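Residue 577 in the numbering used here sits at position 165 of the sequence shown; the count goes up by one each step and never skips.
For every residue, glycine included, the Cβ atom is placed at its ideal position computed from N, Cα and C.
Given the structure is predicted, the values throughout are model-derived calculations rather than measurements.
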Amino acid sequence: MNWKQTIRVGGLITLMTLSLAGCNSETSYSPQEIIDQALQETQELESYYGEYTLDIDESGVANVKEWMKGGKRRIEMTVDGDHVIAVNDGKQITSFSKKENKATIISFKNGELDEIMGQSAKDSAQVLLNLVKDSHDITIAGEESIAGRDTYHIKAKAQKKNTLLGDIEIWIDKKTWLTLKTITTNAGNVTTQEYSKLDVNKKMEDKLFTFDVPKDATVERIDPQNQTTTATIEEVKEQLGNFLMIPEVNGLSISTIVDMKVKERPEFSFEFEKDDQPAFSVSVLKEASNEEFGNLGNEQEIQVRGKKGTCMDLGELFVISWSEDGYQYNIISENPEFTKEEILAYAEEMTNVQ
413 MNWKQTIRVG GLITLMTLSL AGCNSETSYS PQEIIDQALQ ETQELESYYG
463 EYTLDIDESG VANVKEWMKG GKRRIEMTVD GDHVIAVNDG KQITSFSKKE
513 NKATIISFKN GELDEIMGQS AKDSAQVLLN LVKDSHDITI AGEESIAGRD
563 TYHIKAKAQK KNTLLGDIEI WIDKKTWLTL KTITTNAGNV TTQEYSKLDV
613 NKKMEDKLFT FDVPKDATVE RIDPQNQTTT ATIEEVKEQL GNFLMIPEVN
663 GLSISTIVDM KVKERPEFSF EFEKDDQPAF SVSVLKEASN EEFGNLGNEQ
713 EIQVRGKKGT CMDLGELFVI SWSEDGYQYN IISENPEFTK EEILAYAEEM
763 TNVQ
C-alpha cells in the first residue's frame, strides 16, 4: 500500500511511552540505551481516567475526557462547538458526533481489534525510537510535575529541518509510563497535548464502554474487510499498463494481489510468500509528478535498480521505496528473516509484466 500516506504521525508520537529509570538531567542516551532502561519498574495499569487538552496551533483547543479498562476505551471530546463520543468495546469502535447527529461504526473480526490496538508500551517505544534514532538527538531534560504526578521530561530534537517528524517533547509518568504531556513542532505548527487529571486503577462499570446510538441519528457502518479486494494480474495490467514485478522463482510466489481501492490513483499490493511463509509485499501505482512527502527523519537514501530510493527502518522490518519509468514502487518487509540485501537482490530481478 502507499505506506507514507498511512503512517499516523500523531499516533506514533503519542505512542512514545518510554520509561527511563534513574536518568540524570540533560544526559544523552542512544535509542537502544533508552529501550534497555524501559519499563523496568512499570506498573501494569488495569484502568485509568484522564482529562487533557489538545491544542493544535490555530485550529483551536479540544477538551478531552478518557476512560480505559482492560483494553477498552471511551473518549469524550468537546471541540469547535461539537461533542464527540468514541467507544472501543473490544469488538467495534463507535464514534458519534452530536453536532452532525451521525455515528460511524467500525466492526472487527475476533482478535483483529486487539491486534491493532494491543501494542505494548515497550513495542510502541521501539517503533518511534527506530523512526527517530538517526534523525533526532534524544536527551533527558529533567523531572517535572504534570497533573500532580512526577514525570521525566524527554526531548527529541530533529537534526535537520523540514522533516515529517519534527522536534518532540514528552513528559512520561514515572510510575505508569503514560505520556502526560506532548509538544510537537512541524513546519512551524505546534501541537500540545497535556493531562490535567489522571486517576489510575479506578473502578469502572462495564456499561461505560457501550454506546447506544440515538434512533434518529445517521449511521455509517464500515467493514475493514471491504476496504480492499483481491484482483487478478489482468485487472492490474488493465489499470496500470506495463509495470515491473518480482518474478516467481526459487520458491518465491505471489499469494494474493490486493486492490487498495484508491480512487485517485489505482494502487495494487502483491503479497509474496516463500515456503508457505509471508515474505514481503510490493505495492505499485503510477507516479504523480506533483507528489511530495516530508522526510520521515530516519529514511536512508539508497540505490534501487540504479535509481535513487529510500529505506526506512521499522524495528525488525523496513520499507524500500523508489520511482522508475513513471511508477512508484514500495517493498514492505513482512518477515524479519529477509534482509535488505536479499530484498534488494529480488528487486534487481524485476521484469515487465507480460
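Exercise. Would you please state the rounded distance, in angstroms, between the beta carbons of I658 and A757? I believe it to be under 8 Å.
Key: Not really, about 10 Å apart at Cβ, beyond 8 Å.
Practice problem: With distances taken Cα to Cα, identify the nearest neighbour of D688 among L664, K673, K675 and I669. | Solution: Per the Cα distances, L664.
Quiz prompt | Nearest-angstrom beta carbon gap, D501 and T622 [assumed within contact, 8 Å] | solution = Contact check for T622 and D501: beta-carbon distance about 6 Å, within the 8 Å limit, so the pair qualifies.
Quiz item: By how many angstroms is the C-alpha of N654 removed from the C-alpha of T644?
Solution: About 15 Å.
Exercise. Check the C-beta distance from Q651 over to P678 and give it rounded, since I have them as a contact under 8 Å.
Key: About 4 Å separates the beta carbons of Q651 and P678, which is inside the 8 Å limit, making them a contact pair.
Quiz item: When you compare only the Cα positions, how much space is there between S693 and E746?
Solution: Taking the straight line from one Cα to the other gives about 7 Å.
Self-check item: Sequence-distant residues of its chain with Cβ nearer than 7 Å to Q504 (five each side left out)
Solution: Counting only Cβ-Cβ distances below 7 Å, and skipping sequence neighbours, we find I517, I518, S519 and F520.
Exercise. Could you tell me if I755 is buried or exposed, where buried requires 16 or more neighbouring beta carbons within 10 angstroms of its beta carbon?
Key: Its Cβ being crowded by 16 or more others within 10 Å, I755 is buried.
Self-check item: Any 3 or more C-beta pairs closer than 8 Å across the region 732-749 and the region 666-675
Solution: Because the criterion of three Cβ pairs below 8 Å is not met, the region 732-749 and the region 666-675 do not touch.
Exercise. Go through its chain and collect everything with a Cβ distance to I468's Cβ below 6 Å, but skip five positions before and after it.
Key: Counting only Cβ-Cβ distances below 6 Å, and skipping sequence neighbours, we find T603.
Quiz item: Looking at Y464 and V473, is the spacing between their C-beta atoms short of 8 Å?
Solution: Not in contact: V473 and Y464 (Cβ atoms no closer than 8 Å).
Practice problem: Report the three-state DSSP secondary structure of T556 (helix, strand or coil). | Solution: Residue identity check: residue 556 is Glu in the sequence provided, not Thr. In this structure, E556 counts as strand in the three-state DSSP scheme.
Quiz item: DSSP three-state call for A570: helix, strand or coil?
Solution: When DSSP states are grouped into helix, strand and coil, A570 belongs to the strand group.
Quiz item: Do you know whose CA, among K698, V696 and T668, lies nearest K686's CA?
Solution: Ranked by Cα distance from K686, the options K698, V696 and T668 are led by T668.
Quiz prompt | Identity of the residue in T751, E699 and V631 nearest S507 by Cα | solution = The shortest Cα separation from S507 among T751, E699 and V631 belongs to V631.
Quiz prompt | Burial state of V648, where buried means 16 or more other Cβ atoms lie within 10 Å | solution = With 16 or more other Cβ atoms from the protein chains shown falling within 10 Å of its own Cβ, V648 counts as buried.
Exercise. Could you confirm whether any beta carbon from chain B is found closer than 8 Å to the beta carbon of E458?
Key: Considering every chain present, this structure includes no chain B. It has just one protein chain.
Exercise. Might you give, ordered along the chain, the residues of its own chain that have their beta carbon closer than 6 Å to the beta carbon of I558, omitting 5 neighbours on each side?
Key: Taken in chain order, the residues that qualify are W583, L592 and K593.
Quiz item: Based on the DSSP output, what are the partners of E711 in its beta bridges?
Solution: For E711, which the question treats as bridged, DSSP gives no partner whatsoever.
Quiz item: Should L729 and V612 be called a contact, given that it needs their Cβ atoms to be closer than 8 Å?
Solution: No. Outside cutoff.
Quiz item: Does the distance from the CB of T597 to the CB of G578 come in under 8 Å?
Solution: Yes; because the gap between Cβ atoms is below 8 Å, this pair is in contact.
Quiz item: In this structure, does DSSP put F655 in helix, strand or coil?
Solution: Under the three-state reduction of DSSP output, F655 falls in the coil class, being neither helix nor strand.
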